[in-house]
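full-length UniProt numbering applies: residue 1 is where the sequence shown begins, and numbers increase by one. Each residue gets a CB set at the ideal place from its N, CA and C atoms; glycine is no exception.
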Amino acid sequence: MTDMNAPTPTPISLDASPVLKEVVTNYITSFAPSATPSGGSGGNVRQEDLNRFFDNGNAGWMLTSTCLCLIMVPGVAFFYSGLARRKNTLALIMLSMLGLSITMFQWYFWGYSLAFSQTGTSGYIGNLRHFAFIRTLADYSPGSNSISELVFANFQGMFAAITVALFTGAAAERGRIGPMLLITFIWLTVVYCPLVCWIWNPNGWAYKWGVYDFAGGGPVEVGSGFAALAYTVCLGRRSKFLAEQYRPHSVLNVVLGTSLLWFGWLGFNGGSAYGSNLRAAMAITNTNLTAATSGLVWVLYDYIFKTRKWTTIGFCSGVVAGLVAATPCSGYVSPHASLAIGAITGLICNWAVLLKSHMKIDDAMDIFAIHGVAGFVGTILNGLFAVDYIAAMDGSYVGQNAIQGGWFNHHWRQLGLQLAYICAVAAYDFVATFIILFIADKIPWFQLRVTPDAEEIGVDADQIGEYAFDYIEERRDYKQWKISPSGIPEEIVVSDGIPHPTGNIAAPGKILETANPPNIDFAV
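Shown next, in the form of structure tokens:
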């Protein structure tokens, strides 16, 4: 227990350097803001309890939501790793986890300040008022006066981390890890922070317009989806893009990732009410309904019109698309509207998956279709289904502060605002990301893509030197059989995961002992 009567330590003299003295003094006093949070100019937490300015119940819910959001990062990692081939599993998991670390540093360093500092007046991006989290400990947050800005900053940091995890999946099976780390820092600074400032900073132009985006349909979902589209275009197709035998290596990982995402998304959307209130409960209700409906519609559509099978991956893709669509609108729409939004999203995103064939791109994880398109759809539907009484459930949008709602409230202008906003987000995101990647790829030592040989043996072996599964299979030589064009079984030897035909014809009877299914995909 701290001795409150202990003498104050003698400070280190900084008289020799007035500039250094000013910097250190400003940093120390700014990180412990004043007893009047609205001032935010510095103070001494040892002299009074700054917790008295905030609602501890709301703070507890926000901290819990922050932890729930963190679970979404490994959820994305498992989801993507299951969709990839076996030899690229670990690389996708590492991209998500390394992206989390890079994001935490960038957000602390200047990301939060560029997104949320309220002293910047450009409407496009903030300034460095909160550089290194200064003036955040006990100042009121931009989201609510019931929680401190430090609580708010940590919660929003998870949003940035999730966006990066979603975006980096575009590097699946052919992207180098090293360049992605620096690109992540640059992309957060140049693209993500401005997108956040537009909609959630009180000085942002979209915020002033009155655009509705509850939990990040623009900066998180469309931001990750259209950035992934730009990354996919820059990387080009995989060398085995047209391989008929390509299949996700672990449907179990996809289901596990979906479960973690659904669980974490309740904190993601529920926490965006910035308190343990009725609006948070409604956001969670709408999130569940939209996800469930979208998953059911997706799998039913596949069963009736495509495969006549109850596809697990189809259901999981539909659930994630529904979660994405709920992100911008779960705090504005009614449960009845959530059912409609889920059904619309499930159909549109199912069709959007086919776009990559027409666009001649190799979006291996369908990030554009599931996140970019679903985020776009959900944000626009806010203009139709948003109602004033749902937003008022947190107690802040009441009386003169009440929102006007969307078409359901006969506020016809809102749909146009939503459309203009989300188109601006998509355009800026794609163009800025493409420019960053194009320039980076021209630097001799910074190429984005692995070599053809590395792509053949797998990104895990080339970039990490470790494997998600057994090591033995990658090193042993063993015989397998395939059916030659003439219909005669032919012997091949697999060495280091690469098949080498021998030209030998299998002896009768031996096939039954060692034969594998014809046309086996050796890149597993």
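Going by DSSP in three states, Tyr-301 sits in which element: helix, strand or coil? Counted from its first residue, the sequence shown places residue 301 at position 301. Three-state DSSP puts Tyr-301 in a helix.
Just reading off the alpha helix (DSSP H) that Asp-453 is part of, what are its end residues? Taking the sequence shown and counting its residues from 1, the one referred to as residue 453 is at position 453. Where Asp-453 is concerned, the enclosing alpha helix (DSSP H) stretches over 452-457.
Considering only the beta carbon of each residue, do Arg-176 and Leu-448 sit closer than 8 Å? If you number the sequence shown from 1, residue 176 lands on position 176. If you number the sequence shown from 1, residue 448 lands on position 448. The answer is yes: Cβ separation under 8 Å.
Take every Cβ of the stretch 216-231, pair it with every Cβ of the stretch 57-68, and state whether three or more of those distances are shorter than 8 Å. no
On the DSSP bridge assignment, give the partners of Arg-176 in chain order. On the sequence shown, position 176 is the one that residue 176 refers to. Bridge partners of Arg-176: none, in fact.
Give the single residue among Ile-71, Gly-375, Phe-268 whose Cα lies nearest to the Cα of Ile-100. Taking the sequence shown and counting its residues from 1, the one referred to as residue 100 is at position 100. Reading off the sequence shown, one finds Leu at residue 100, where the question assumed Ile. Residue Ile-71 is the option with its Cα nearest to Leu-100.
Please determine, among Gly-75, Asn-269, Ser-96, the residue with the shortest C-alpha to C-alpha distance to Leu-181. For the purposes of this step, residue 181 is identified with residue 181 of the sequence shown, where counting begins at 1. Minimum Cα distance to Leu-181 is reached at Ser-96.
For Phe-263, the three-state DSSP class (helix, strand or coil): On the sequence shown, residue 263 is found 263 positions in, with the first residue counted as 1. It is helical.
What does the Cβ neighbour count give for Ile-390, buried or exposed, with the cut at 16 atoms within 10 Å? To locate residue 390, count along the sequence shown from 1; it is residue 390. Buried, by the Cβ-count rule.
Roughly how many angstroms separate the alpha carbons of Val-324 and Asn-269, rounded to a whole number? Taking the first residue of the sequence shown as 1, we reach residue 324 at position 324. Taking the first residue of the sequence shown as 1, we reach residue 269 at position 269. So the alpha carbons of these two residues sit roughly 10 Å apart.
If we count Cβ pairs, one from each stretch, closer than 8 Å, do we get three or more for the stretch 315-329 versus the stretch 284-297? yes
Please report how far the alpha carbon of Phe-385 lies from the alpha carbon of Ala-402, in whole angstroms. Along the sequence shown, read from residue 1 onward, the residue named residue 385 stands at position 385. Along the sequence shown, read from residue 1 onward, the residue named residue 402 stands at position 402. Distance between the alpha carbons of Phe-385 and Ala-402: 16 Å.
Applying the 10 Å Cβ sphere with the 16-neighbour rule, what's the burial state of Met-359? Stepping through the sequence shown from its first residue, residue 359 is reached at position 359. Answer is exposed; the Cβ neighbour count stays below 16.
If you draw a straight line from the alpha carbon of Glu-474 to that of Phe-105, how long is it in whole angstroms? To locate residue 474, count along the sequence shown from 1; it is residue 474. To locate residue 105, count along the sequence shown from 1; it is residue 105. Because Glu-474 carries a pLDDT of 45, less than 50, the predicted location of this residue cannot be relied on, and the following value inherits that uncertainty. Computed Cα separation, rounded: 36 Å.
Cα separation between Ala-374 and Leu-355? Counted from its first residue, the sequence shown places residue 374 at position 374. Counted from its first residue, the sequence shown places residue 355 at position 355. Going by the C-alpha atoms only, they are around 14 Å apart.
Comparing C-alpha positions only, which one of Gly-342, Ile-370, Ser-224, Val-333 sits nearest to Gly-383? The residue labelled residue 383 in the question sits at position 383 within the sequence shown. With distances taken between Cα atoms, Gly-383 lies closest to Val-333.
Within 10 angstroms of the Cβ of Ile-304, are there 16 or more other Cβ atoms? Answer buried if so, exposed if not. Here residue 304 refers to the residue found at position 304 when the sequence shown is read from its first residue. Its Cβ having fewer than 16 others within 10 Å, Ile-304 is exposed.
How should Glu-221 be labelled, buried or exposed, when 16 other C-beta atoms within 10 angstroms of its C-beta is the threshold for buried? Looking up residue 221 in the sequence shown gives position 221. Flag for Glu-221 reads buried.
Could you tell me whether the stretch 117-128 touches the stretch 200-209, where touching means 3 or more Cβ pairs closer than 8 Å? yes
DSSP state of Tyr-274, grouped into three classes? Counting from 1 along the sequence shown, the entry for residue 274 is found at position 274. If DSSP states are grouped into helix, strand and coil, Tyr-274 belongs with coil.
Taking contact to mean 3 or more Cβ pairs, one atom from each stretch, closer than 8 Å, check whether the stretch 164-173 and the stretch 72-79 are in contact. yes
Would Ser-141 and Phe-152 qualify as a contact pair, given that the criterion is a beta-carbon distance under 8 Å? Here the question's residue 141 lines up with position 141 in the sequence shown. Here the question's residue 152 lines up with position 152 in the sequence shown. Yes. Within cutoff.
Using beta-carbon positions only, say whether Tyr-80 and Gly-218 come within less than 8 Å of one another. As a working mapping, residue 80 is identified with position 80 in the sequence shown. As a working mapping, residue 218 is identified with position 218 in the sequence shown. It is not a contact, given that the beta carbons lie outside the stated cut-off.
When you compare the CB positions of Ile-457 and Gln-418, do they come within less than 8 Å of one another, or not? In the sequence shown, the residue the question calls residue 457 occupies position 457. In the sequence shown, the residue the question calls residue 418 occupies position 418. Contact flag unset, no.
Looking only at its own chain, which residues have a Cβ that is under 7 Å from the Cβ of Glu-149, when we skip the five neighbours before and after it? Within the sequence shown, numbered from 1, the residue matching residue 149 stands at position 149. Answer for Glu-149: Thr-136, Asp-139, Tyr-140, Ser-141, listed in chain order.
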